[in-house]
């Protein structure tokens, strides 16, 4: 309200003063005209007086127009120029913000914030396209290369053919998973809450997800280490299933052959905690905040695969369920991804009822 009052007060003051001076000069001019007419006098001797009056009017009008122009016109011109630059794709442009409180400065501040956000979106878009192309190019090149070998090399034995075909199948599945994750993430970005809520056994769901990935951890001779408390939870079961499968799949992917992937679930007072840990190479401390970005790839020489869309998808699902996801990592030892989901109010009430019944 103060901002609105300040600019309105300025406009009203300028208008009133302008009208006051205009009225005063009009009255003086009218008085002079009537006086001269009444006395049958000529204007010749009164030219200096008339010139002084009109000169004063011009000077006063100029003095009032300068601050009004600086206050209103210049910021609007600056906004117009900046808008044209943004239209041409320049998101580095900013309009100078003055240390005043009014609607124009609010508009300037909002414009600068909007341009900054557009610049960030453009940067993310560029990175996304670049990383997207890289992620899809790798399996496509692999499929193309091994398919070409099968077509050209007539000396391949049956074992080699089966190996090449299996690689083609695996890379095709990887492409299909990435495409499915892109579609799912796009849908989730336009969703403000879980699609459906149903009560289910969370610990049983986690066991099923680990079992679904048996082929992956068996191929690397990885030992699953599972400790799950009995937890019943109400949320979107299918959505959470995507979360667990992505986390466990990443843990398997980055664990060395013969390593261990741990899966934990515990029910606390305020939240249900699920953690997935691996014995991989870990994540550098300066990269931790970026791994939830789409297609982010940790720059470690021996790793040829990034996290794809998996972790950004996990983060979005956790947020939609009212929870959060975090990671702790140590180079050379591995990473622990932890998901905290809010405990249902209903569940809390049931717990308190059970305690009172026990007493």
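Numbering (this note's numbering), first residue to last: 14 to 372. A virtual CB, placed ideally from N, CA and C, is assigned to each residue, including glycine. The structure presented is a predicted model; accordingly, all values stated were derived computationally and were not measured.
Rounded to the nearest angstrom, the Cβ distance from residue 246 to residue 201 is 19 Å, too far for a contact under 8 Å. Assignment of beta-bridge partners to residue 238 by DSSP yields 275. Rounded to whole angstroms, the separation of the alpha carbons of residue 130 and residue 107 is 12 Å. Around the beta carbon of residue 270, fewer than 16 other beta carbons lie within 10 angstroms, which makes this residue exposed.
Of the other Cβ atoms in all chains shown, 16 or more fall within 10 Å of the Cβ of residue 88; this residue is therefore buried. Per the C-alpha coordinates, the member of 287, 298, 342 positioned closest to residue 327 is 287.
Of all alpha-carbon atoms in 295, 262, 301, 335, the one lying nearest the alpha-carbon of residue 346 is that of 295. DSSP places residue 268 outside both helix and strand once states are collapsed to three, so it counts as coil. In the DSSP assignment, residue 216 falls within the unbroken alpha helix (DSSP H) covering 215-225. By the CB criterion at 8 Å, residue 285 and residue 276 fall outside the cutoff.
About 7 Å separates the beta carbon of residue 180 from that of residue 155, a gap short enough to meet the 8 Å contact definition.
Counting every other CB atom within 10 Å of its CB across the protein chains shown gives residue 182 a total below 16, marking it as exposed.
When the beta-carbon positions are compared, residue 254 and residue 210 stay at least 8 Å from each other. Between residue 226 and residue 265, the C-beta spacing is below 8 Å. Taking the Cα positions, residue 120 is about 35 Å away from residue 331. For residue 354, the pairing in a beta bridge is given by DSSP as 285. When secondary structure is reduced to three states using DSSP, residue 338 falls in the strand class. C-alpha of residue 323 to C-alpha of residue 329: approximately 10 Å in a straight line. Secondary structure of residue 109 (DSSP, three-state): coil. DSSP places residue 102 in no alpha helix (DSSP H); its state is neither H nor E.
In this structure, DSSP gives residue 347 an extended state, which the three-state scheme calls strand. Judged by their CB atoms, residue 213 and residue 184 are not nearer to each other than the 8 Å cut-off. Around the C-beta of residue 223, 16 or more other C-beta atoms lie within 10 Å, and the residue is accordingly described as buried.
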